[in-house]
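Presented below is the structure to which this report refers.
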Amino acid sequence: MKQFRFLSIILVLGLLISCSRNSNNDDDNGNETGFVDKSGNLLGTGESANAILSNTTFNKLLIEVAYVENFRPTDAAMDNFIVFLEQHSFKTDIEVTYKELSSPGEETLTLNEIDDLEQENRTAYNEDNTLAIYIYFTDAPSDEDNEDDDLVTLGAVYRNTSMVIYERTIKQLSARSNIITDEDIETATLNHEFGHLFGLVNLGFENDLNNPLKTNMVNPHEDPQAVSHCTTEGCLMRAELSFTNKSGLSKSSTNELEASCKLDGVSLLKSLESNLTSKSRAQDLGVECVLDLQANGGR
C-alpha cells in the first residue's frame, strides 16, 4: 500500500512538472520552445538574393508590412510591387500581411531607431519553406534629410530582409507634383529598394566576391561614383536616384547601422515626370540588371 502511494506521488509530481514546462515555454505563436530563429534575417543587404529569386531554399515569400496609422501604402502600389516580384523572381506564392502600429512620436528617425522598432514589432521570420520580408512605413522622415539642399529620403534597406519606406516624405513629395501620385512614388521606391535585396548592383557578401549565391554582374554596369547602382540608361537602379555611397550593409565603427542605399526623393520625382510618356509610369530594371538576376536564379 505504501509502495502504491509512493508511485502515485511520483506520477502526480511528474505531471505537474510537465505541465509547468509546457506552460512556461509556449509562446503566443504556439511555439513549444518559445525560440524564434532570427539569424536568417540578420544578414547583410543582398545576402539572401538567391533565396529570394529562386525556389531552391524557399518557395514562399511572406511580406510583413508594418505601418503607422494613416500611413499605410496604397493598395495599387502594393499590387504593382507584387507584379515586380513575380516578374523577376520565381516566387509565385507571395503573401502580404499588414500590421498597424502607433506612432513612435519622433520628429525624425535614425536607422538604429528603425531597427529597434523592427525588433520590437516584427513577427515574421524565415521558417520552413517561407522567406520573410519586413517593410516599415514611417510617419517621420530620415534624420539625414536636408531640406535646405532639397535632399529627402524615400526609402532605405539595412538588412537582407529589412526595408524602411518614409511614407510621410512620399506624401509630401507627391503633393509637389500635379502629375505624379503617391502610388507612382511608392511603387518606384519599393521596387528600387527591393532591387538591392535582389543583390543589385554587385551587392552582398562583401568579403566573399566569388560566393555562388551573390548577384554578380554578368557585364560591368556598376557606377564607380555610386556603388551598388547602375549605369544603364532608364534603369530603376540608376545611380542618380541615390545620394549615398555605401557598399553593402554593416555596422560602422561606431556600431551605427548604415544603409546601402538612400533613395533621393527629388531625383526620383524628376525621373518619374520625365518618363510619363513611356508605357509604364514606374521605371523598371534595365537589361543588365535583369541579366544579373537571371544568373543568380531569377527570371
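To convert, count from 1 in the sequence shown and add 13; that's the working numbering.
For each residue, glycine too, the CB sits at the ideal point set by N, CA and C.
| What are the uninterrupted segments assigned as beta strand (DSSP E) that are 3 or more residues long and contained completely in the segment 97–163, given in chain order? | 106–114 and 143–150
| field | Rounded straight-line distance, which links the Cα of Asn204 to that of Phe97 | value | 7 Å
| task | Would you please state the rounded distance, in angstroms, between the beta carbons of Pro86 and Glu199? I believe it to be under 8 Å. | result | 5 Å
| request: Could you tell me the distance, in whole angstroms, from the CA atom of Asn142 to the CA atom of Ile192? | output: 42 Å
| message | Spatial neighbours of Asn139 within its chain, please: C-beta separation below 8 Å, excluding the five flanking residues on both sides. | response | Asp50, Gly53, Asn54, Phe71, Ala145 and Thr174
| Counting Cβ pairs, one atom from each stretch, are 3 or more of them under 8 Å apart for the segment 106–113 and the segment 58–75? | yes
| Smallest Cα separation from Leu56: which of Ala239, Cys243, Leu254 and Ala272? | Ala272
| Apart from the five residues just before and just after Val279, which ones in its own chain have a Cβ nearer than 8 Å to its Cβ? | Asp163, Leu164, Val165 and Leu186
| Using a Cβ-Cβ cut-off of 8 Å (strictly less than) and excluding sequence neighbours within five positions of Thr245, which residues of its own chain qualify? | His234, Arg251, Gly299, Val300, Glu301 and Cys302
| query | Does DSSP classify Lys51 as helix, strand or coil? | reply | coil
| Which whole-angstrom value describes the C-beta separation of Asn229 and Ala62, a residue pair presumed to lie in contact below a C-beta threshold of 8 Å? | Their Cβ separation, rounded to whole angstroms, is 10 Å, which puts Asn229 and Ala62 out of contact at 8 Å.
| field | Lys283 (DSSP reduced to helix, strand or coil) | value | helix
| field | Supposed contact pair Asp156 and Leu122 - C-beta distance, whole angstroms, cut 8 Å | value | 6 Å
| task | Could you tell me whether the Cβ of Val177 comes closer than 8 Å to any Cβ of chain B? | result | Protein chains in the displayed structure number just one, and chain B is not present.
| task | Identify, in the order they occur along the chain, each residue of the same chain with its Cβ nearer than 6 Å to the Cβ of Ala137, setting aside the five sequence neighbours on each side. | result | Leu75, Glu77 and Ala145
| task | Determine which residues share a DSSP beta bridge with Ala79 and list them. | result | Lys112 and Tyr149
| query | Looking only at its own chain, which residues have a Cβ that is under 8 Å from the Cβ of Ser115, when we skip the five neighbours before and after it? | reply | Val81 and Glu82
| Buried/exposed call for Gln296, threshold 16 Cβ in 10 Å | buried
| Thinking just about the alpha-carbon of each residue, which of Arg189, Ala169 and Gly59 is nearest to the one in Leu282? | Arg189
| Is Gly217 near Leu249, with beta carbons less than 8 Å apart? | no
| task | Let me know if Leu130 comes out buried or exposed under the rule of 16 or more other beta-carbons within 10 Å of its beta-carbon. | result | buried
| task | Counting only runs of 3+ residues fully inside the segment 170–251, write out the beta strand (DSSP E) ranges in chain order. | result | 175–178
| query | Is the beta carbon of Tyr179 less than 8 Å from the beta carbon of Asp128? | reply | no
| Among residues of its own chain, excluding the 5 on either side of Ala169, which ones have a beta-carbon nearer than 6 Å to its beta-carbon? | Val177, Ala272 and Lys275
| request: Use the C-beta contact count for Asn215: other C-beta atoms within 10 angstroms, 16 or more gives buried, fewer gives exposed. | output: buried
| task | Would you kindly report the start and end of the unbroken beta strand (DSSP E) that includes Leu276? | result | Cys274 to Asp277
| field | Opposing strand residues paired with Thr168 [DSSP bridges] | value | At residue 168 the sequence reads Gly, which differs from the Thr that was named. Answer by DSSP bridge pairing, in chain order: Ile178.
| query | Excluding sequence positions up to five away, which residues of its chain have a Cβ less than 7 Å from the Cβ of Arg312? | reply | Gln100, His101, Ser102 and Phe103
| said: If I measure Cβ to Cβ from Leu306 and keep anything under 7 Å in the same chain, skipping five residues before and after, which residues do I get? | reply: Leu66, His101, Phe211 and Thr228
| task | Grab me the residues of Leu254's own chain with a C-beta within less than 8 Å of its C-beta, minus the 5 sequence neighbours each way, in chain order. | result | His205, His242, Leu276, Asp277, Ser280, Leu281 and Ser284
| query | Which residues in the same chain have their Cβ closer than 6 Å to the Cβ of Tyr149, if we skip the five residues on either side of it in sequence? | reply | Ala79 and Val177
| said: Determine whether the beta carbon atoms of Leu167 and Thr202 lie at a separation below 8 Å. | reply: yes
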